Amino acid sequence: MSAAITGTRVDEVLRTAVESGTLPNVVATAANADGPIYEGAFGPKAVGQPAPVTVNTLYRIASMTKMVTTVAALQLVERGELDLDDAVAKFRPEFADLKVLDGWDGDEPRLREPKSFATVRQLMTHTSGLGYWFWNADLVRWEATTGTGNTLAGTKDAFTAPLVADPGERVEYGTNTDWLGLVVEAVSGQPLDAYFDEHILGPLGMEQATFHPTDQQRENLVAVHLHDEQTGAWNATSVDWNAAPDWWPGGHGLYCPPSEYLRFQRMLLNNGALDGARILGAETVEAAFSNQIGDLDWPEAIATAEPPTTADFNAGPGYKFGLGLLRNTQDVPGMRRAGSGAWAGIFNTHFWLDRAAGITGAIYTQTLPFVEPEVFQVYVDFETALYASL
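Take 1 as the starting number for the sequence shown in UniProt numbering and just add one per residue.
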């Protein structure tokens, strides 16, 4: 297969999305076991500016960071330094201070002790009871009432946010992987950025991926775009992560070019190894793609609690969580096969790994809100066009 599927329906989908104004810019990539099979880039890094995006442009990959942090923790499991069923509080004693937010008495939050302790596995599967404010109205209210920051603010008080469910009770997407990053630091004795560099990014040749881009790297960074309130057109903004956070956020903090994250995807597609570097054992990768939540399910629909940040998310039925990956349990017609794993980032970056078909792909832009229907549809159209081109 050629190293670049060009002049095809895939290019047309992406180019049209930018020319129509649906997206300000877009980069998309795909690979099989042998290497990249598609790379496309359309539009400017900032609307109104001439510099174009490329597969080597730096993007805020946001929650696509989560799988990197999960891999870091799984390496520690393989080395016998961590067990998936260990209590989180064994490594981060402050976790034991968290209570369950069980409602409100007027303006006072009603808190109680959790019915069980949360485990490392539950952090990887979003079943610990932790939530995110943008999909949980109680946490929006909690932050407004207490004045605490959320994880995007980069301040440590984010780790005082309560649970919104008992551990193991349900799937609730939240700050689990930020806590998992703290566990990795506690077990390894290294800051998360240093651990990533030594054990994952360096061995995979991901030289530009970083929590803290240099001034030169920032010149290659895509702007986050928001809709103009009057016209609806995309405007480039200065929205960014906290440049000096209190901790390296394992849940969202990496900046990475699409070409380099594709190397990370290929490592997972190739059962934990790439170009002679073994990052994980094949059995560990198999576990990551296996159902880890039993009879629980990823919610079919999640209503937004903060519309400027995210739209409603409607996954539909039949989704389970592996370790760091959302798994579809049925084939998606014309797209990924059953058992594929995927995740995304809040600025509308998405990746999937289809081991049955031997294909992995990703798409990148930098816009809010997350999963805005017109923007999300481009992801669907890209994947459909890619599979039709194989």
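Built from N, CA and C at the ideal position, the CB exists for glycine as well.
None of the values given here were measured: they were computed from a predicted structure.
Please go through the same chain and pick out, in chain order, the residues whose beta-carbon is closer than 8 angstroms to the beta-carbon of residue i, but skip the five residues on each side of it.
{"i": "alanine 243", "result": "His212"}
{"i": "proline 191", "result": "Glu185 and Trp248"}
{"i": "alanine 158", "result": "Thr148, Gly149, Asn150, Thr151, Thr175 and Asp178"}
{"i": "glycine 358", "result": "Asn32, Ala33 and Leu269"}
{"i": "glycine 334", "result": "Thr384, Tyr387 and Ala388"}
Can you tell me whether residue i is buried or exposed? The criterion is at least 16 other CB atoms within 10 Å of its CB, across all chains shown.
{"i": "proline 249", "result": "buried"}
{"i": "asparagine 150", "result": "buried"}
{"i": "tryptophan 104", "result": "exposed"}
{"i": "glutamate 94", "result": "exposed"}
{"i": "lysine 156", "result": "exposed"}
{"i": "proline 369", "result": "buried"}
{"i": "lysine 115", "result": "exposed"}
{"i": "aspartate 381", "result": "buried"}
{"i": "threonine 70", "result": "buried"}
{"i": "glutamate 39", "result": "buried"}
{"i": "glutamate 383", "result": "buried"}
{"i": "asparagine 176", "result": "buried"}
{"i": "threonine 329", "result": "exposed"}
{"i": "glutamine 122", "result": "buried"}
{"i": "leucine 390", "result": "exposed"}
{"i": "alanine 362", "result": "buried"}
{"i": "alanine 338", "result": "exposed"}
{"i": "proline 373", "result": "exposed"}
{"i": "alanine 161", "result": "buried"}
{"i": "threonine 65", "result": "buried"}
Looking only at C-alpha atoms, which of the options sits nearest to residue i?
{"i": "glutamine 366", "options": "His227, Arg355 and Val285", "result": "His227"}
{"i": "alanine 28", "options": "Pro299, His350 and Glu81", "result": "His350"}
{"i": "serine 238", "options": "Ala30, Lys45 and Pro36", "result": "Lys45"}
{"i": "residue 395", "options": "Trp135, Pro50, Leu274 and Leu163", "result": "Given that the chain is displayed from residue 1 to residue 390, the structure contains no residue 395 and the question cannot be resolved."}
{"i": "glycine 154", "options": "Asp312, Trp142, Leu180 and Pro245", "result": "Pro245"}
{"i": "leucine 326", "options": "Thr304, Gly251, Thr65 and Asn291", "result": "Asn291"}
{"i": "alanine 31", "options": "Trp352, Gln377, Val375 and Phe376", "result": "Trp352"}
{"i": "glycine 318", "options": "Pro299, Met335 and Asp312", "result": "Pro299"}
{"i": "asparagine 270", "options": "Gly334, Ile37, Arg355 and Thr22", "result": "Arg355"}
{"i": "valine 222", "options": "Glu283, Val10, Gly48 and Asp193", "result": "Gly48"}
{"i": "glycine 183", "options": "Leu268, Leu111, Val120 and Asp85", "result": "Reading off the sequence, residue 183 comes out as valine, not glycine. Ranking the options by Cα distance to valine 183, first place goes to Val120."}
{"i": "tryptophan 135", "options": "Ala311, Ile363 and Ile359", "result": "Ala311"}
{"i": "valine 100", "options": "Trp142, Glu12 and Ala287", "result": "Trp142"}
{"i": "alanine 51", "options": "Asn25, Gly35 and Phe347", "result": "Asn25"}
Leaving out five residues on either side along the sequence, give the residues of the same chain with a beta carbon under 6 angstroms from the beta carbon of residue i.
{"i": "serine 2", "result": "Its pLDDT being 36, under 50, serine 2 is placed unreliably by the model, and the measurement read from it follows with that caveat. Here the set comprises nothing."}
Quick one: residues in its chain with C-beta nearer than 7 angstroms to the C-beta of residue i, no 5 flanking neighbours on either side, listed in chain order?
{"i": "residue 396", "result": "Because the chain spans 1 through 390 in this model, residue 396 falls outside it and cannot be assessed."}
{"i": "glycine 281", "result": "Glu78 and Gly272"}
Counting pairs of Cβ atoms below 8 angstroms between the region 261-270 and the region 203-220, do you hit three or more?
yes
- request: Could you say if the region 221-239 and the region 190-198 meet the contact criterion of at least three C-beta pairs nearer than 8 angstroms?
  value: no
Contact the region 161-179 vs the region 342-359: 3+ CB pairs below 8 angstroms:
no
Entirely enclosed beta strand (DSSP E) segments - the region 206-273, minimum 3 residues: 225-227 and 234-236
- Message: If we require 4 or more residues per run, which alpha helix (DSSP H) segments fall completely within the region 54-78?
- Response: 65-78
For this session: Kindly provide the ranges of any beta strand (DSSP E) runs that are 3 or more residues long and lie completely inside the region 293-322, ordered along the chain.
Result: 319-321
Report task. Examine the Cβ distances between the region 304-320 and the region 73-90 and report whether three or more of them are shorter than 8 angstroms. Result -> no
Jot down the residue ranges of each uninterrupted beta strand (DSSP E) in the region 319-366, minimum 3 residues, whole runs only, in chain order. 319-321, 326-328, 341-345, 349-354 and 359-364
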